[in-house]
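Novice:
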Amino acid sequence: MKEVGKPSLASLHIRRIGVFCWEIHVTDTRYTPDVWDSLAAFLWWLILLAGLFPETFFYVLRELGHVTTQQAFTNTPWFISLSCAGFVGWFTFQRSREAGDKDDIAFGKGVQVLILGFAAFLPLQIEQTPVYLYIPIPFYRNLLLGIVGVKVLTWIYLVQLILRYYLFSGIEVFRKMTLVFPSALLRDKMPNRDMSASTGEIRPPYGEEE
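Residues 484 to 693, numbered by the working numbering, are exactly what the sequence shown covers, in order.
1. Evaluate HIS508 with the Cβ neighbour count: other Cβ atoms within 10 Å of its Cβ, from every protein chain shown; 16 or more gives buried, anything less gives exposed.
2. Would you mind giving the Cβ-Cβ distance between GLY572 and LEU597, rounded to the nearest angstrom? I have them listed as a contact below 8 Å.
3. Considering SER579, what are the terminal residues of the alpha helix (DSSP H) in which it resides?
4. Along the chain, where does the alpha helix (DSSP H) containing ASN558 start, and where does it finish?
5. Measuring CA to CA, which of LYS634, PRO619, THR575, GLN595 is closest to ALA603?
6. Between the Cα of PHE562 and the Cα atoms of PHE574, LEU544, GLN577, which residue gives the shortest distance?
7. Grab the span of the alpha helix (DSSP H) containing VAL635 for me, first residue to last.
8. Find out if the Cβ-Cβ distance for the pair ARG580, ALA589 is shorter than 7 Å.
9. Between LEU636 and LYS592, which are expected to be in contact by the criterion C-beta below 8 Å, what is the C-beta distance as a whole number of angstroms?
Here's what the structure looks like:
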């Protein structure tokens with residue numbers, strides 16, 4: 484018998500999701516989207532769906548265009564995967580520069596998202612995941628399921644990145660993005676070089692100074 488006044492498990496999960504969404508809304512800089520932002524978010528949603536199911540989109544587009552295998556420019560869905568990953572990496576680089584990042588830091592963020600795009604847009608049929616569970620060899624089964632998990636997680640990250648940019652936070656999303664490549668930050672941490680090197684002055688060997 485259910486206790487009176489005690490919240491159910493579903494209501495607790497809904498409350499936690501609401502709190503999480505509210506924290507994102509409060510911590511991010513307020514941004515008011517317009518009609519163009521909504522349209523761009525919709526177009527991005529199509530790109531992200533094409534990257535999530537590249538093989539399906541590839542064959543559907545080829546059927547709609549009545550393109551045969553001999554007439555096709557390419558016969559592999561890798562074209563969609565690489566194109567989507569390259570575009571999202573370039574998009575991140577440009578938005579990071581607009582946010583005020585230096586070119587090397589913006590380039591590092593672009594490469595970072597490019598790698599995530601490669602993982603998120605792999606031409607792997609995730610709709611066949613129930614079939615993968617019946618692979619008899621445990622190593623290959625676990626390997627394939629792990630790749631599926633990485634693909635889904637990285638795709639979710641890209642979705643929230645784009646949605647936060649267009650609908651919630653604007654350019655601040657890319658300015659606050661964490662950079663995992665420390666090499667992009669080395670230029671700012673390097674000490675200033677001796678000004679004598681720029682004037683062409685030749686310093687004597689160590690121990691022979693006057």
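Idealized CB from N, CA, C, for every residue including glycine. Here the structure is a predicted model, which means the values were calculated and not measured.
Specialist: The short version:
1. In the sequence shown, counting from the first residue as 1, residue 508 sits at position 25. Residue placement at HIS508 is flagged as unreliable, the pLDDT there being 47, under the threshold of 50; the coordinate-derived value follows with that caveat. Counting Cβ neighbours within 10 Å, HIS508 comes out exposed, since fewer than 16 surround it.
2. What you label residue 572 is simply residue 89 of the sequence shown in a count that begins at 1. What you label residue 597 is simply residue 114 of the sequence shown in a count that begins at 1. That pair is a contact at about 3 Å.
3. For the purposes of this step, residue 579 is taken as residue 96 along the sequence shown, with counting starting at 1. It spans 561-581 - the alpha helix (DSSP H) in which SER579 sits, taken as one unbroken run.
4. Locating residue 558 in the sequence shown gives position 75, where the first residue counts as 1. ASN558 -> no alpha helix (DSSP H), and no H or E assigned at all.
5. Here residue 603 refers to the residue found at position 120 when the sequence shown is read from its first residue. Residue LYS634 is the option with its Cα nearest to ALA603.
6. The residue you call residue 562 lines up with position 79 of the sequence shown. Selected option, being the one with the closest Cα: LEU544.
7. Locating residue 635 in the sequence shown gives position 152, where the first residue counts as 1. Looking at the DSSP string, the run of the alpha helix (DSSP H) that includes VAL635 is 621-646.
8. Translated into the one-based positions of the sequence shown, residue 580 becomes position 97. Translated into the one-based positions of the sequence shown, residue 589 becomes position 106. It is a contact, given that the beta carbons lie within the stated cut-off.
9. Residue 636 sits at position 153 when you count from the first residue of the sequence shown. Residue 592 sits at position 109 when you count from the first residue of the sequence shown. The pair is not a contact, with the Cβ atoms about 19 Å apart (cut-off 8 Å).
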